[in-house]
Structure formats: C-alpha cells, structure tokens
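Colleague: Residue numbers (our numbering): 406 to 544.
(1) Whole-angstrom Cβ separation of residue 482 and residue 471, contact assumed at under 8 Å?
(2) With a CB to CB cut of under 7 Å and the five nearest residues on each side skipped, what residues in its chain are close to residue 446?
(3) Just reading off the alpha helix (DSSP H) that residue 430 is part of, what are its end residues?
(4) Closest by CA to residue 522, which one among 419, 426 and 413?
(5) Measure from the C-beta of residue 519 to each C-beta in chain C and report whether the shortest distance is under 7 Å.
(6) My understanding is that residue 512 touches residue 439, with C-beta atoms under 8 Å, so please give their C-beta distance in whole angstroms.
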C-alpha cells in the first residue's frame with residue numbers, strides 16, 4: 406500500500422528495524438534522509454487509513470550464463486537465489502520494498518508485512534542490489 410501523501414509523517418526508526426528491512430543508516434542519509442510512516446488516524450484524503458492507493462514491489466532476476474547453468478542443472482531454488490544475489494543479478498521483494506521505503510512511497514511496517522516470507526540468510530542490503538534498469542510500479 407502507498408502511504409497517503411497528505412498525511413504521512415516523518416519517522417526515525419531504530420537501527421534494529423532498519424537492519425530487519427536491510428537498510429543501513431547511511432542509505433537513509435544518502436536518500437533524502439527521511440523515512441515516513443502511516444499516520445494512525447489518517448486524513449480525509451485517505452479515508453482515515455493512512456494509505457492511499459497501491460504500489461507494486463518486484464522480485465527481479467537477471468539471468469547470466471552461470472545462473473542459466475544452475476537452472477538447467479535443476480539446482481534448488483535457494484542455490485539459484487544465493488548465486489544470483491552473490492553476483493548482484495537479483496533484487497528480492499524485500500530489497501525492492503526497501504527502495505520504496507527510501508523513496509517515501511510506503512512504510513517499513515508495510516514492507517515487512519508483505520515480505521515476511523522473503524527472509525533468511527540470502528538477503529542483502531539495498532546497496533547490494535543490481536542497479537540496472539528495472540520496471541517501475543504502475544501508478
């Protein structure tokens with residue numbers, strides 16, 4: 406869900422919450438330096454929800470020869486994911502959501518809620534994501 410642009414409020418999450426999302430304090434400062442959260446009572450614009458509209462998060466995998474070979478060898482999905490992340494060929498749902506948090510589009514809580522299954526030791530921080538052209542969410 407997209408934070409309501411009329412009533413979202415600045416938020417200074419502790420480092421533990423940032424770590425859970427995969428964002429460092431430095432990455433927050435390198436963006437506009439501000440994280441936002443839902444205003445609990447919302448406003449008239451968002452029907453008192455604090456959110457207005459939706460945005461999408463994407464899991465993106467770029468396939469190179471190494472990843473292609475793993476797929477054709479029918480390796481386990483976790484092996485393929487780890488290899489793609491190590492080679493900076495993949496952006497997970499949580500990483501893409503983290504970018505949306507840094508852009509002020511959604512809240513940390515919302516990303517954690519919708520990506521609770523996208524966890525484990527194969528996560529990386531935002532700065533470990535591929536930086537190539539990726540699709541933008543539809544408005």
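Virtual Cβ for every residue (Gly too), placed ideally from N, Cα, C.
This structure is a prediction, so every number in the text was calculated from the model and none was measured.
Modeller: Per the coordinate set shown:
(1) At roughly 15 Å, the Cβ-Cβ gap does not stay under 8 Å, so residue 482 and residue 471 are not in contact.
(2) 453
(3) 430 to 435
(4) 426
(5) Included in the structure is just one protein chain, with no chain C present.
(6) Wrong, their Cβ atoms sit about 12 Å apart, outside the cutoff.
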